[in-house]
Amino acid sequence: MSLNRHISPWGLYFTAIGSIIGSGWLLAPYYTAKLAGPMAIVAWLLAVVIIILVALTFAEISTKYPVSGGIVRLIQLTHGPSMSMLIGWTSWASLVMIPAIEVQASLQYCSHFFPQLIFHSNDHVTLFGFLVAAILMGLFVVVNSIGIKFVTLVNNYIGWWKIIIPVFISLLLLFLHFDPQNFSNSIAHPYPSFKDTLMSIATGGVIFAYVGFRSVIELAGEARNPQRDIPRTIIFALLTCALIYILLQIAFIGALDPKYLQHGWGRLSFIDKAGPLVNVVTSLGISWILLILYFDAVASPSGTSLIATATTSRVTYSMAIAGYLPKLFSKTNNANVPIYAILINYVVGLLFFLPFSGWQGMISFLVSTSVLAYALGPIVLMSMRLQKEHTATHFKLPFAKIMCPVIFYLCTLIIYWTGWNNVWKLGILIFSGLIIITLTSLTNKTKNNLFHLRHTSWMLFYLAALMVVSYLGHFGGKAILGFGIDFLVLAAISIITYWYALENRLPEVFEIEIN
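For the sequence shown, the working numbering begins at -16 and goes up steadily by one.
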């Protein structure tokens, strides 16, 4: 049964807003400032430019092929089912983490009142915290089971709240206390380096916040008019959220008491572990705002989790439709919602509380997996243009022959900036996926399966080369490659991989069902 096309332009817009403004606004200004200091503002600017460029590649593709499941099914068009299964494996692993990440942020803030939720030594959830997380994530399952129209309706109201409250808090902080000295390099020593700024983009929560635009791509198959609405929705939502995040970052840095910076930005911390904004607000004597802040610490992440539950189920649904998962996960309920996909994602999502400690530990790995999926946007786009059947509709990326390899390189850099500790885990995830695909192809023993398997070889080269550079590089590696030299090596790897991927495309578009 096909999914319903119920999502209006405003529904798409607030879907993006709801995904971009979640736990990020509560924690990212702190972690980004801790890594980059005042250069955190530059980090937000650089990141939004990169993400908009990435989003534009998906905007062209999704207007031509508006399918639920996004990149998982789009890569199948150009590189076949084996590559689709591999990216589906990676995309699913990243998306299924999001509700857990958002609930983790809520628990960290609420631990001010209920300290038994979190182990404050490492921000890991307690058994009681795990049970609360299970209940909260269960509520998202219930709401999603009613239908996507109801989900977007609820999210529209939450979306307005998500815009108003961060802007209100930012303006309040700017009005009550703003210390320009906090933006100079004389107030804190040691001062963060340029490398720290780049790392903050990947691990401080900046990219994690912006990648929420992906929810629009994943739900394209349920949009009323995807050709018209998807490009404008993505760009408008990203620009709206970028302005909010930059305003909040300026307000947060300006409101800090200089005493917190005596030992440098890297050692910025607060006595109360409940939440950075809570500490800043309390230090300014405006404790009356705490009620709103704590309410939003639950509301904003919950809104993001609500949308993430919907989008992740569509990826699971698309993998089942393509035959990579049991057909059970493609079955829908009376509201045309893939209910079994939602339920399996709920169970797996809870498991992510076990290996990761705290919000930042979770998002760093998620960024590496998410950006790998985004890196395929320019490859899919150019592959489609080289395939005879592709004709862009409504929106066409300008200067694509130049822009696509540049965008792919920028995505490669972001993955590299997440650090060796995340890159090696990403490599294991990809290589384990390749093993599963290979075994499946050999078991089925069909020429078609083995033919499509060779279209994944470029990804094998890419990840292996990226892991070597990451291990030898300055971002959590052995620092054997000089800073700057590593960027040049990655540029060469990106160019070779980009060419290799285009050469390994299918000769014509792989037929899929548009739904």
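Backbone N, C-alpha and C define an ideal beta-carbon position, used for all residues, glycine too. No experiment lies behind these values; they were computed from the predicted model shown.
Practice task
Taking only the alpha-carbon atoms, compute the straight-line gap between THR429 and LEU251 and give it to the nearest angstrom.
Solution key: Confidence is the limiting factor: at THR429 the pLDDT is only 48, short of 50, which leaves the residue's position unreliable, though a coordinate-based value still follows. If I take the Cα positions, the gap works out to 58 Å.
Exercise for the section: Entirely within the segment 10 to 92 and at least 4 residues each: give me those alpha helix (DSSP H) ranges in chain order. Expected result: Residue ranges of uninterrupted alpha helix (DSSP H) with 4 or more members, entirely inside the segment 10 to 92 and ordered along the chain, are 23 to 47, 54 to 78.
Exercise for the section: Give the straight-line distance between the Cα atoms of LEU155 and ALA116, rounded to the nearest whole angstrom. Expected result: Straight-line measurement puts the Cα of ALA116 at about 31 Å from the Cα of LEU155.
Handout entry: Rounded C-alpha distance that separates PRO64 from LEU202
Key = The alpha-carbon atoms of PRO64 and LEU202 are separated by roughly 20 Å.
Exercise for the section: Using the Cα positions of GLY456 and ILE84, report the straight-line distance between them to the nearest angstrom. Expected result: Take the alpha-carbon of GLY456 and the one of ILE84: they are about 28 Å apart.
Practice task
Identify whether PHE151 lies in helix, strand or coil by the three-state DSSP scheme.
Solution key: Shown here, PHE151 sits in a helix according to DSSP, grouped into three states.
Handout entry: Beta-bridge partners of HIS107, as assigned by DSSP
Key = Answer is PHE102.
Problem - ASN505 versus PHE133 - alpha carbon distance - result: Since the first residue of the chain shown is -16 and the last is 498, residue 505 is not available in this structure.
Problem - Whole-angstrom C-beta distance between VAL199 and ILE325, which should lie under 8 Å - result: About 19 Å separates the CB atoms of ILE325 and VAL199; that is not less than 8 Å, and the two are not in contact.
Exercise for the section: Drop a sphere of 10 angstroms on the beta-carbon of TYR92, count the other beta-carbons inside from all chains shown, and report buried for 16 or more, exposed for fewer. Expected result: Buried, since its Cβ has 16 or more Cβ neighbours within 10 Å.
Handout entry: Residue of TRP75, PRO214, ILE478, VAL389 minimising C-alpha distance to PHE335
Key = Relative to PHE335, the option among TRP75, PRO214, ILE478, VAL389 whose CA is nearest is TRP75.
Exercise for the section: Please go through the same chain and pick out, in chain order, the residues whose beta-carbon is closer than 7 Å to the beta-carbon of LEU355, but skip the five residues on each side of it. Expected result: So the qualifying residues of the chain are THR73, ILE398, LEU409.
Handout entry: Boundaries of the alpha helix (DSSP H) in which GLU491 is found, first to last residue
Key = Run containing GLU491: none; DSSP gives neither H nor E here.
Problem - Collapsed DSSP secondary structure at ILE269 in the structure displayed - result: ILE269 falls in the coil class under three-state DSSP.
Practice task
Assign ILE213 to one of three DSSP states: helix, strand, or coil.
Solution key: Assignment of ILE213 by DSSP, reduced to helix, strand and coil, places it in the helix class.
Handout entry: Alpha-carbon spacing of ASN487 relative to HIS438, whole angstroms
Key = Each residue's alpha carbon lies about 5 Å from the other.
Handout entry: LYS310 versus ARG56 - alpha carbon distance
Key = Distance from the CA of LYS310 to the CA of ARG56, rounded to the nearest whole angstrom, comes to 16 Å.
Exercise for the section: Enumerate in chain order the residues of its own chain whose CB-to-CB distance from ILE129 is below 7 Å, with the five nearest sequence positions on each side excluded. Expected result: ALA318.
Problem - Delimiting residues of the alpha helix (DSSP H) encompassing GLY456 - result: Note, GLY456: premise wrong, no alpha helix (DSSP H); not H, not E.
Practice task
Just the C-alpha distance for PHE278 and SER301, rounded to the nearest angstrom, thanks.
Solution key: It is roughly 35 Å from the alpha-carbon of PHE278 to the alpha-carbon of SER301.
Handout entry: Which of helix, strand or coil DSSP assigns to ILE4
Key = Here ILE4 sits in coil by DSSP.
Exercise for the section: Just tell me which of LEU181, LYS384, SER153, PHE96 has its CA closest to the CA of GLY467. Expected result: Nearest option by C-alpha distance: LEU181.
Exercise for the section: Could you tell me whether the Cβ atoms of TYR48 and GLN343 are closer together than 8 Å? Expected result: No, Cβ-Cβ distance for TYR48 and GLN343 is not below 8 Å.
Handout entry: Straight-line gap, ILE44 to VAL363 (C-alpha atoms, nearest Å)
Key = A direct Cα-to-Cα measurement between ILE44 and VAL363 gives close to 8 Å.
Problem - ILE304 to LEU69 span [Cα, whole Å] - result: Rounded to whole angstroms, ILE304 and LEU69 show a C-alpha spacing of 15 Å.
Problem - Collapsed DSSP secondary structure at ILE413 in the structure displayed - result: Reduced to three states, the DSSP call for ILE413 is helix.
Problem - Start-to-end residues for the alpha helix (DSSP H) that takes in THR180 - result: Boundaries of the alpha helix (DSSP H) around THR180: 177 to 186.
Practice task
Measure the C-alpha to C-alpha separation of VAL350 and THR421 and round it to an integer number of angstroms.
Solution key: Taking the straight line joining both Cα atoms gives about 26 Å.
Handout entry: Contact set for VAL263: own chain, Cβ-Cβ below 6 Å, skip 5 residues either direction
Key = Only ALA238 meet the Cβ criterion.
Exercise for the section: On a CA-only basis, which of PRO214, TRP407, LEU260, ILE254 is nearest LEU231? Give me that one, please. Expected result: Taking only the C-alpha atoms, the option nearest LEU231 is LEU260.
Handout entry: Simplified DSSP assignment, three categories, for ILE463
Key = Assignment of ILE463 by DSSP, reduced to helix, strand and coil, places it in the coil class.
Practice task
Starting from TRP342, follow the alpha helix (DSSP H) in both directions and report where the run begins and ends.
Solution key: Here the alpha helix (DSSP H) through TRP342 covers 341 to 357.
Practice task
Assuming ASN127 contacts PHE(-3) (C-beta within less than 8 Å), just tell me the rounded distance between them.
Solution key: With 8 Å as the limit, ASN127 and PHE(-3) do not qualify as a contact, their Cβ atoms being about 16 Å apart.
Practice task
State buried or exposed for TRP(-7), treating a residue as buried only when at least 16 other CB atoms are found within 10 Å of its CB.
Solution key: Exposed, since its Cβ has fewer than 16 Cβ neighbours within 10 Å.
Problem - THR46 versus ILE0 - alpha carbon distance - result: Rounded to the nearest angstrom, the gap between the Cα atoms of THR46 and ILE0 is 20 Å.
Handout entry: Spatial distance of TYR357 from SER104 (CA atoms)
Key = Distance between the alpha carbons of TYR357 and SER104: 34 Å.
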